[in-house]
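The listed protein sequences derive, respectively, from chains V and U. Residues 1 to 201 in the UniProt record's numbering are what the first sequence spells out, letter by letter. Residues 1 to 201 in the UniProt record's numbering are what the second sequence spells out, letter by letter. Here a beta-carbon is modelled for each residue, glycine too, at the ideal position from N, C-alpha and C. Note that the structure is a prediction, hence the values are computed from the model and not measured. Encoded as structure tokens, the structure appears first; notes follow it.
There are 2 protein chains.
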Amino acid sequence: MDTRQRLVETMSELMWERGYADTSPRDVRERSGVGQGSLYHHFPTKRDLAVAALERNIDDVLPASSGLEGPGDPIARIEAYLTRPRDALKGCKVGRMTQDPQVREDPVLLAPVGRAFAAMHARWVRALRDAVAAGELGPEIDPERLAHTLMAVLQGGYVLAIAHQDRGPFDDAVAGALDLLRAAAPAPSGTNRQNGTNSEE
Amino acid sequence: MDTRQRLVETMSELMWERGYADTSPRDVRERSGVGQGSLYHHFPTKRDLAVAALERNIDDVLPASSGLEGPGDPIARIEAYLTRPRDALKGCKVGRMTQDPQVREDPVLLAPVGRAFAAMHARWVRALRDAVAAGELGPEIDPERLAHTLMAVLQGGYVLAIAHQDRGPFDDAVAGALDLLRAAAPAPSGTNRQNGTNSEE
DNA sequence: GTCTATATCGGGATAGAC
DNA sequence: GTCTATCCCGATATAGAC
């Protein structure tokens, strides 16, 4: 791995762990082993390095959601994505940035975050539309809204987990959302949840 | 308002706006107009001031949720609390703390946050239990879980709003949660949502 | 490209007079 | 209780040699 890559990689880690404002060029140098001259050769400012690191973190997180558009039963895809393993106490690499004062105030840093959330939202919307089309969610469900709701459950779940220093609340938040999705499923007759197939009666 | 109060008040504002790590004693002095000597007379360290400010912010936020334990229809109380006016782009005074690296690492600062979330959770649980008891939510609903889910919707809604620099996603997240709650309501025969009273048929 | 040296500034206090 | 002065350190670079 070349120097530039090492810098980006290290900055990405630190931004996940400590955010942008609280990560210093010194921290990056020390963890990466890259010297002062090299750092400022590759990235004229801390902010430039942060932009690269942020893009990297986004590229790291977005692909994980590709399963939402997968083939397969829409609700199963949604459930699979919601319950995929996550380090609840570390939080979201991307969502975290929204709480960093120096990121919030800097359109250049905030823009990629906005784009990433928009891309996630689009995926959610497609999956939820599929679920409505498949009759797994009632027609009264608005996929655009519900997409935001479910993204919020994840982002907020991290907040709860960190506040309690316990991943339980995160898991609860997700499980509660799934309970609600199942309870909201149209079930004209019989509420058998064991059989996910769309048997025609 | 005396000096000490002014310091706490100002620190509270700044912690809401910028968090703990990124707020300096200097910022506090400049906004409050309190001199250097006074500041360190009342609070030996920045951290001590932060603890006081944090408690203040918690006392500011918690009472707003008292309506959850209302009298009145449980689902109406829940809806009223979820839709109460909030400044989505500023975020939660208390939840914000969980993303501040220096707060996360400091048990003394994190503890009040954990207690506040636990208190909120308890209120949510009581309201949701009431809703189940009133037959407004199905018996398959677990109030403990759903409480975390709904708290996460709010906390995560702030994240979405800031990422998009638009309160729309926050409102969507809340509205989507309400849609789901209504869709999940037991409706043995007929799905009339206009009439929220518990008519005995 | 990388190294070492140097510079400026603000953060977070402490000291002691009034 | 409040004021002014002072201190040390780390953040964020810049300079110029190798």
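{"Check": "Member of V:L154, V:R145, V:A147 whose CA lies at the smallest distance from the CA of H148 of chain U", "Outcome": "V:L154"}
{"Check": "CB of A184 of chain U within 8 Å of CB of G138 of chain U, strictly", "Outcome": "yes"}
{"Check": "Proximal chain V residues relative to P101 of chain U, where beta-carbon distance stays under 7 Å", "Outcome": "R18, G19, D22"}
{"Check": "Residue range of the alpha helix (DSSP H) that includes A53 of chain V", "Outcome": "46–61"}
{"Check": "Where the alpha helix (DSSP H) containing G168 of chain U begins and where it ends", "Outcome": "168–183"}
{"Check": "Beta-carbon proximity check, P112 of chain V vs E55 of chain V, cutoff 8 Å", "Outcome": "yes"}
{"Check": "Interface partners of P169 of chain U on chain V, CB under 7 Å", "Outcome": "H148"}
{"Check": "Delimiting residues of the alpha helix (DSSP H) encompassing R18 of chain U", "Outcome": "3–18"}
{"Check": "Interface partners of M151 of chain U on chain V, CB under 7 Å", "Outcome": "G156, L160"}
{"Check": "Residue from V:D73, V:A122, V:G135 whose Cα sits closest to the Cα of R145 of chain V", "Outcome": "V:A122"}
{"Check": "DSSP-derived helix/strand/coil call for G156 of chain V", "Outcome": "helix"}
{"Check": "Under 8 Å between C-beta atoms of T3 of chain V and M15 of chain V", "Outcome": "no"}
{"Check": "Option nearest L150 of chain U by Cα separation, candidates U:M120, U:A163, U:L109", "Outcome": "U:M120"}
{"Check": "Alpha-carbon spacing of L160 of chain U relative to F170 of chain U, whole angstroms", "Outcome": "6 Å"}
{"Check": "For A88 of chain V, the nearest candidate out of V:D179, V:D166, V:Q99 (CA to CA)", "Outcome": "V:D166"}
{"Check": "D27 of chain V at chain U interface by Cβ criterion, 8 Å", "Outcome": "no"}
{"Check": "4-residue-minimum alpha helix (DSSP H) runs that sit fully inside the region 104–135 of chain U, ordered along the chain", "Outcome": "107–133"}
{"Check": "8 Å Cβ cutoff met for L7 of chain V and H42 of chain V", "Outcome": "yes"}
{"Check": "C-alpha distance - R31 of chain U paired with T10 of chain U, whole-angstrom precision", "Outcome": "7 Å"}
{"Check": "Below-8 Å beta-carbon distance, L180 of chain U vs any chain V residue", "Outcome": "yes"}
{"Check": "Under 7 Å (Cβ pairs) to chain U, residues found in the region 136–147 of chain V", "Outcome": "G138, E140, I141, D142, E144, R145, L146"}
{"Check": "Start and end residues, alpha helix (DSSP H) containing G37 of chain U", "Outcome": "36–42"}
{"Check": "Own chain, CB closer than 8 Å to L62 of chain U, minus 5 neighbours either side, in chain order", "Outcome": "A116, A119, M120"}
{"Check": "Cβ pair D60 of chain U, K90 of chain U closer than 8 Å", "Outcome": "no"}
{"Check": "Contacts of T83 of chain V in chain U (Cβ-Cβ under 7 Å)", "Outcome": "None at all; the shortest Cβ gap to chain U is about 13 Å."}
{"Check": "Outcome for S12 of chain V when other beta-carbon atoms lying within 10 angstroms are tallied against a minimum of 16", "Outcome": "buried"}
{"Check": "Neighbouring residues, chain U, relative to T98 of chain V (Cβ below 9 Å)", "Outcome": "G91, Q99, Y158, V159, L160, A161, I162, A163"}
{"Check": "Interface residues of chain U facing V34 of chain V [CB-CB closer than 7 Å]", "Outcome": "Neighbours of V34 of chain V on chain U: none; closest Cβ ~22 Å, over 7 Å."}
{"Check": "For S32 of chain V, the first and last residue of its enclosing alpha helix (DSSP H)", "Outcome": "25–32"}
{"Check": "C-alpha distance - L178 of chain U paired with L109 of chain V, whole-angstrom precision", "Outcome": "33 Å"}
{"Check": "Given A50 of chain U as reference, the closest of U:G176, U:A163, U:A175, U:D106 once Cα atoms are compared", "Outcome": "U:D106"}
{"Check": "Sequence-distant residues of the same chain with beta carbon closer than 7 Å to S65 of chain U, five excluded per side", "Outcome": "Y81, M120, R123"}
{"Check": "Same chain, Cβ closer than 6 Å to R126 of chain U, five either side skipped, listed in chain order", "Outcome": "E69"}
{"Check": "Spatial distance of A52 of chain V from Q99 of chain U (CA atoms)", "Outcome": "21 Å"}
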